[in-house]
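First comes the structure, then the notes that go with it.
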Amino acid sequence: MKLELRGITKRFGALVANDHIDLTVEPGEIHCLLGENGAGKSTLMNVLYGLHQPDEGEIVLDGQPVRFAGPGDAMAAGIGMVHQHFMLVPVFTVAENVMLGHEPTRGALLDRAAARRQVEELSRRFGFDVDPDALVEDLPVGVQQRVEIIKALVRDARVLILDEPTAVLTPQETDELIAIMRQLRDAGTSIVFITHKLREVRAVADRISVIRRGAVVGTASPRSDETELASLMVGREVSLTVAKEPAAPGGVVLSVRDLTVVDERGHTAVDRVSFDVHGGEVLALAGVQGNGQTELTEALVGLQPKVAGSVRLDGAELAGRPPRVVLDAGVGYVPEDREHDGVIGTFSVAENLVLDQHDREPYGTRLALRPAAVRREARRLVEEFDVRTQSVQTPVGTLSGGNKQKVVLARELSRPLRLFIAAQPTRGLDVGSIEFVHRRVVHERDVGTAVVLVSTELDEVLALADRIAVMYRGRLVGIVGPDTPRDALGLMMAGVPEDEALRTAARTSTSTTGSGAGSGTAGGAL
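In this text, residue positions in the sequence shown follow full-length UniProt numbering: the first is 1, and each later residue adds one.
As structure tokens, this is what we get:
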């Protein structure tokens with residue numbers, strides 16, 4: 001089925017999310033929609049899927065204009081969508097999830113056997129290896145994604161939209177998804193693949209359209225190099241490599257022993273984790289999102305109430321101490337959710353820059369704030385960290401995501417630190433902002449601060465880390481160097497013990513080299 005979007009425009013108040021976008025997806029083609037978060041990619045696909053109505057333009061299928069009042073109309077026309085956050089019921093089986101919304105019946109009863117047969121048939125055809133009777137909550141994330149794809153195919157989807165599909169996958173699962181996408185394409189399914197990851201685009205795309213600020217700014221070939229694609233996304237030349245000297249670690253600054261965190265549901269989110277971080281090094285916590293990294297970092301800064309074990313900073317025990325005590329001990333913290341935990345949107349840029357020092361000299365006392373001193377410091381930090389704002393009095397909620405992140409970084413790095421914890425510091429940022437954040441992280445390491453970096457982006461981990469600690473289901477699988485093969489890291493992220501992962505990766509590398517095969521997509525395209 002040929003899909004055409006002609007002049008699609010979508011506005012939200014004064015914001016033009018999509019600006020007269022033209023896009024054509026040929027039958028049996030993988031068309032990558034490349035752009036940074038906030039560029040308008042997902043909005044465009046939500047228009048195509050009937051979740052939003054376009055303000056201008058039209059959708060054309062096989063030469064016929066169509067209009068979708070909702071996702072049901074889109075599905076009936078042969079369009080399926082796999083959302084970044086899966087739409088599955090965890091306590092249902094695979095077959096039950098697949099049949100939801102168009103339940104087959106036999107007389108007055110649900111025909112579960114028919115749903116099972118559909119799952120088995122599609123699983124065999126495309127090599128999905130999905131058990132129709134398995135509970136979704138028991139399945140790895142990569143298999144859950146296959147269930148979402150099966151749901152779309154059962155509804156006869158001839159155009160399949162995949163929205164940031166690798167965000168929660170290990171490198172091996174990413175490779176498996178790419179193989180599945182090629183199979184679907186070869187069987188005649190058109191795929192719209194939304195991503196901001198350059199490796200994935202080059203690995204799987206037949207054609208690439210680049211979106212920036214709501215408009216298509218160019219098309220590219222998968223043979224284009226990553227620097228060229230990044231420049232198209234950002235609108236200027238950018239460096240994709242992190243310039244840094246080898247680390248010169250000092251003594252142990254942070255010592256964590258048998259740290260255990262029980263979350264609000266009563267589950268053990270962090271299970272007896274131990275590690276050290278030296279001054280002048282970056283220790284990266286790597287792993288698929290949801291394996292305890294968030295709870296661990298929150299425990300380090302005093303944000304988790306149910307904590308056991310020891311967290312020592314320069315020998316002083318901080319486990320169980322309130323966040324203010326932890327920050328005063330010399331800890332800087334960039335939370336993974338800057339919108340809710342990093343800034344107060346209605347406060348000005350200047351006020352956000354002194355949130356953790358507003359009652360200290362020279363910014364104020366316990367009784368009153370000193371606005372002139374706050375504004376002076378804010379102007380200095382805005383210049384140093386290149387925060388794009390009309391004024392330091394501008395509400396921080398009106399800034400872009402990248403500039404909000406710079407405000408958080410400026411606040412946390414504007415005082416002497418012993419430990420800097422950065423959780424997902426570049427999530428949702430454009431390539432230019434990522435470049436800036438990476439430079440600041442390396443600078444902090446080079447002045448002797450111990451740095452804990454949490455990232456689900458494997459490229460970022462490999463670029464910044466001096467050592468990598470891999471987490472899986474709340475436990476530490478192992479701590480390895482940044483020269484560890486991607487395949488080995490991917491296996492560790494799936495729970496394979498360090499020694500076994502390294503041996504398996506070495507055997508795979510030897511086998512590939514010996515056969516003379518190309519590298520394909522090995523490495524995870526993350």
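We treat Cβ as the ideally placed atom computed from N, Cα and C, and that holds for glycine. Quick caveat: nothing in here was measured; it's all calculated off a predicted structure.
Helix, strand or coil, according to DSSP, for residue i in the structure here?
i	result
H31	strand
M471	strand
L184	helix
K244	coil
L526	In this prediction, L526 has a pLDDT of 35, which is less than 50 and means its spatial position is unreliable; nothing more can be read from the coordinates.
H85	coil
L353	coil
T9	strand
Q64	strand
D163	strand
F385	coil
E237	coil
F92	coil
L109	strand
V451	strand
V431	helix
So the alpha helix (DSSP H) residue i belongs to, where does it begin and stop?
i	result
G332	Run containing G332: none in the alpha helix (DSSP H); it sits in the beta strand (DSSP E), V331 to V334.
S224	Note, S224: premise wrong, no alpha helix (DSSP H); not H, not E.
R125	R112 to F126
A152	V141 to V154
T170	Looking at the DSSP string, T170 is not in any alpha helix (DSSP H), and its letter there is neither H nor E.
L413	G401 to L413
A284	No alpha helix (DSSP H) contains A284, which is instead part of the beta strand (DSSP E) from V282 to A286.
L51	Run containing L51: none; DSSP gives neither H nor E here.
T297	Q293 to L300
R265	Premise fails: R265 is in no alpha helix (DSSP H) and is neither H nor E.
Compare the Cα-Cα distances from residue i to each of the options and report the closest residue.
i	options	result
D133	P90, H102 and L109	P90
F128	V147, S190, R112 and P165	V147
L369	A247, D356 and T426	D356
V94	E120, I434, R11 and R379	E120
D225	R212, R213 and I208	I208
V141	R11, N18 and T170	T170
V234	V288, A215 and R321	A215
V431	G402, R440, R265 and F68	G402
V382	P416, V349 and T398	V349
P165	R185, A373 and H196	H196
L413	V154, L44, V392 and R440	R440
T449	T268, L417 and A243	L417
R116	G101, T43, P395 and V154	V154
V477	L88, V273, A505 and A316	V273
T43	R380, L15 and E351	L15
Buried or exposed: which applies to residue i, given that a residue is buried once 16 or more other Cβ atoms fall within 10 Å of its Cβ?
i	result
R445	buried
A465	buried
M99	buried
G524	Note that G524 scores 36 on pLDDT, short of 50, meaning its location in the model is unreliable and no value can be drawn from it.
L489	buried
G516	Here G516 scores only 47 on pLDDT, less than 50, and its place in the model should not be relied on; the value that follows carries that caveat. Exposed is the call here.
F12	exposed
G520	Only weak support exists for where G520 lies, its pLDDT of 40 falling under 50; the value from the coordinates is given anyway. G520 should be labelled exposed.
Q53	exposed
E298	buried
I421	buried
A152	buried
V334	buried
V377	The amino acid occupying residue 377 in the given sequence is Glu; Val does not appear at that position. Result: buried.
Q293	buried
If contacts are defined as beta-carbon pairs under 8 Å, then residue i and residue j qualify, I think. What distance do you get, rounded to the angstrom?
i	j	result
L318	R312	7 Å
G57	T9	6 Å
F126	L162	Actually they are not in contact, since the Cβ atoms of F126 and L162 sit about 14 Å apart, beyond 8 Å.
I79	L48	7 Å
V461	A284	4 Å
R112	V60	The Cβ separation is near 38 Å, so there is no contact.
G342	V408	4 Å
V252	D276	5 Å
I211	G50	Contact flag wrong, Cβ pair sits at about 20 Å.
G474	V270	5 Å
In the DSSP assignment, the beta strand (DSSP E) including residue i goes from what residue to what residue?
i	result
I21	L15 to V25
D258	V252 to V262
I344	First-last for I344: undefined, no H or E at that position.
G309	V307 to L313
F420	L419 to A423
S274	T268 to H278
S209	R207 to R212
V201	No beta strand (DSSP E) contains V201, which is instead part of the alpha helix (DSSP H) from L198 to V204.
L318	Taken as a continuous stretch (DSSP letters only), L318 belongs to no beta strand (DSSP E), as it is neither H nor E.
V192	S190 to T195
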